[in-house]
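Worksheet for the structure shown next.
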Amino acid sequence: PSICTLHQPKTSIWNLLDTFILLAPGGKMCYAGDRSGATEYFKNIGYECPPETNPAEYFIDLVSIDTEDPVKAAADTERIDFLHHQFLDSCTATILSYDDVEMWTPPESGSASRMNKYISTNVSFSSKIRKEMTRISNTINRFASLLQRSLRQNIRNTSVNVLRFGCSAMQAVLFAAIFKSVRDDKPLTKSIADRVALLTYAVVNMSIMSLMKTLDLFARERFVVTREQMRHNYYGFEYLLAKVVSEMVSKLHNLDHIFKEKSSQFDYSIVSMKTKKPLDTAYVLVHGAILKQLTGLRTSLATLMKTLSLMTVSSVSLGFAIGSLTSSVDTAMSTGVPIMVIFMILGVINPSGVNLDDPPMPIMELLKIASPIKWAIESLVVAEFRDMAFGEKERGLWGNLKDLPRMGALAMVRNGNEVLENLGLGNAKYSQLMKNLGILSCVYLSMSWLGLAFGGPKFIDIAASS
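Residue numbers (this note's numbering): 3 to 468.
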């Protein structure tokens with residue numbers, strides 16, 4: 003003998019069954035017994051199986067609910083309730099009831115009563131511990147399953163991943179070719195504007211790629227996630243945490259062990275990408291390593307990658323927030339692209355400097371704070387220019403004048419600290435800017451959780467209607 007779960011089996015498999023149980027939504031039993039007698043049973047209560055119809059399909063239709071039409075759903079629920087009560091009534095003749103039987107218990111003495119209370123208290127405490135341990139274990143198992151699924155999703159689409167690798171590499175080469183002045187061994191004043199622009203382009207590039215990928219993937223699986231949550235398979239926070247960890251596991255793993263010697267940065271990055279196969283880290287590795295190899299960026303590869311990685315996590319969190327608050331892929335894309343454009347415009351550093359006598363409007367300042375691009379660009383600029391000393395070449399007066407920056411706040415500066423001062427970042431610290439970027443990621447994740455909990459597609463509550 004064997005037990006199995008079937009959904010609309012074909013006729014040949016149906017005829018192999020001896021007995022079966024027919025369950026409706028909510029665990030309502032509508033039949034349990036011999037297969038051969040099922041057709042006659044339903045015929046007797048008013049539901050005759052049509053000729054030349056697979057009885058299994060007919061029985062499944064009897065206990066199915068149309069969740070898209072409230073009128074049909076109400077009729078289906080009423081039919082299921084009828085079938086359920088008819089089956090219970092048919093079982094009353096064979097099921098014995100012990101409700102009226104009084105069980106004798108011996109009288110308890112005072113000491114025995116106290117002992118029973120003591121045992122009962124300890125059993126209750128142990129039961130609570132076991133229940134809590136079971137709850138924690140179930141939470142860990144659910145999170146592990148979600149994390150495994152998220153990691154598989156990140157590496158499943160080979161063609162898209164290869165395309166992203168190619169785009170990351172080609173864009174890095176293109177940026178290095180455009181900003182040629184960021185190539186000298188010792189920084190020159192004329193390279194200030196190019197350094198700021200190069201770091202800005204790197205941040206914007208990685209941010210847009212991460213956001214677009216997240217909007218597409220998250221919006222597509224939104225309905226599946228909603229259905230799984232309705233079935234209490236997991237909680238929204240567990241799902242979001244698994245998504246973020248799947249991004250961070252591959253991004254932040256062993257970044258502190260990256261070689262700082264310029265001659266080995268590129269080779270080590272490629273080896274790390276091939277051996278450990280961290281997919282999302284590989285995008286950052288390829289882009290950052292090529293930029294570092296082909297340009298004269300002063301910031302270390304580890305700092306560059308940490309900043310781009312955390313910025314990518316923040317962009318992914320923003321994508322989660324937008325996807326959870328929208329109803330479809332098209333809506334998510336139509337909303338996410340303008341938001342990212344606004345954040346890009348407000349997050350880019352103005353080369354003309356900051357005018358403290360003309361502060362921006364409160365709404366503009368709020369949008370700047372909400373921009374992950376702003377925090378990432380400022381972090382890299384601070385790391386690049388803090389305590390930078392310019393090494394001018396001996397080219398005579400005219401050569402030195404030609405090497406001076408020609409743009410607003412970047413003109414006539416003597417060192418990196420003056421550059422930061424004129425850009426409004428004189429007191430900024432890399433660690434604090436990164437902390438702000440991390441806080442922003444948490445805010446977007448909280449918005450995502452609220453969107454999953456209270457927004458999204460609506461379904462008919464079968465339990466309530468029954």
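Glycine included, every Cβ here is placed at the ideal spot set by N, Cα and C.
Being a predicted model, the structure only gives us computed values, none of them experimental.
Residue i, DSSP secondary structure in three states
{"i": "TYR241", "result": "helix"}
{"i": "ILE138", "result": "helix"}
{"i": "LYS30", "result": "strand"}
{"i": "ALA391", "result": "strand"}
{"i": "ASN424", "result": "helix"}
{"i": "ASN163", "result": "helix"}
{"i": "ASN2", "result": "No answer is possible for residue 2: it lies beyond the span of the chain, which begins at 3 and ends at 468."}
{"i": "ALA75", "result": "helix"}
{"i": "LYS182", "result": "coil"}
{"i": "LEU153", "result": "helix"}
{"i": "PRO361", "result": "coil"}
{"i": "HIS289", "result": "helix"}
{"i": "ARG8", "result": "With the sequence shown as reference, residue 8 is identified as Leu, and Arg is not the correct amino acid for it. Note: LEU8 maps to coil in three-state DSSP."}
{"i": "GLY325", "result": "helix"}
{"i": "LEU382", "result": "helix"}
{"i": "PRO69", "result": "The sequence as given places Thr at residue 69; Pro does not occur at that position. It is coil, neither helix nor strand."}
{"i": "LEU299", "result": "coil"}
{"i": "ILE210", "result": "helix"}
{"i": "GLY453", "result": "helix"}
{"i": "GLY338", "result": "helix"}
{"i": "CYS169", "result": "helix"}
{"i": "LEU312", "result": "helix"}
{"i": "SER193", "result": "helix"}
{"i": "GLU230", "result": "helix"}
{"i": "ASN143", "result": "helix"}
{"i": "GLY48", "result": "coil"}
{"i": "TYR236", "result": "coil"}
{"i": "ASN438", "result": "helix"}
{"i": "SER319", "result": "helix"}
{"i": "LYS539", "result": "In this structure the chain extends from 3 to 468, so residue 539 is not present and cannot be described."}
{"i": "ALA372", "result": "coil"}
{"i": "GLU223", "result": "coil"}
{"i": "ILE351", "result": "coil"}
{"i": "SER330", "result": "coil"}
{"i": "SER448", "result": "helix"}
{"i": "GLY401", "result": "Residue placement at GLY401 cannot be trusted, given a pLDDT of 47 that sits under 50; what the coordinates show is reported in the next sentence. DSSP places GLY401 in helix when its eight states are reduced to three."}
Residues bridged to residue i [DSSP beta-bridge criterion]
{"i": "GLY35", "result": "PHE22"}
{"i": "ASN417", "result": "ALA391"}
For residue j and residue i, believed in contact at Cβ under 8 angstroms, the rounded distance
{"i": "LYS12", "j": "ASN46", "result": "Actually they are not in contact, since the Cβ atoms of LYS12 and ASN46 sit about 26 angstroms apart, beyond 8 angstroms."}
{"i": "LEU24", "j": "CYS32", "result": "5 angstroms"}
{"i": "TRP451", "j": "PHE181", "result": "Going by Cβ atoms, the distance from TRP451 to PHE181 rounds to 40 angstroms, so no, they are not a contact pair."}
{"i": "VAL288", "j": "THR314", "result": "Wrong, their Cβ atoms sit about 13 angstroms apart, outside the cutoff."}
{"i": "ALA204", "j": "LEU310", "result": "7 angstroms"}
{"i": "ILE379", "j": "ILE347", "result": "About 12 angstroms separates the two Cβ atoms, so there is no contact after all."}
{"i": "VAL184", "j": "ARG166", "result": "That pair is no contact at about 25 angstroms."}
{"i": "ALA174", "j": "ILE292", "result": "4 angstroms"}
{"i": "LEU299", "j": "TRP377", "result": "Wrong, their Cβ atoms sit about 19 angstroms apart, outside the cutoff."}
{"i": "ILE194", "j": "VAL339", "result": "So it is not a contact: roughly 31 angstroms between Cβ atoms."}
{"i": "PHE145", "j": "LYS245", "result": "Rounded, the Cβ-Cβ distance is 11 angstroms, inconsistent with contact."}
{"i": "ILE371", "j": "PHE345", "result": "Not really, about 10 angstroms apart at Cβ, beyond 8 angstroms."}
{"i": "LEU454", "j": "SER326", "result": "5 angstroms"}
{"i": "LEU447", "j": "LEU242", "result": "6 angstroms"}
{"i": "THR297", "j": "LEU200", "result": "7 angstroms"}
Any chain D beta carbon closer than 8 angstroms to residue i
{"i": "ALA391", "result": "Absent from the structure: chain D. Only one protein chain is present."}
Residue i CB to nearest heavy atom of the ligand FMN below 7 angstroms
{"i": "SER161", "result": "Summarising the ligand content, the structure contains no ligands, and the ligand FMN is consequently not present."}
- Hey, is the stretch 214 to 230 in contact with the stretch 418 to 434, meaning 3+ C-beta pairs nearer than 8 angstroms? no
- Query: Would you say the stretch 377 to 386 touches the stretch 297 to 307, given that touching needs at least three Cβ pairs under 8 angstroms?
  - Reply: yes
- Item | contact_flag[the stretch 310 to 327, the stretch 204 to 217] where n(CB pairs < 8 angstroms) is 3 or more | yes
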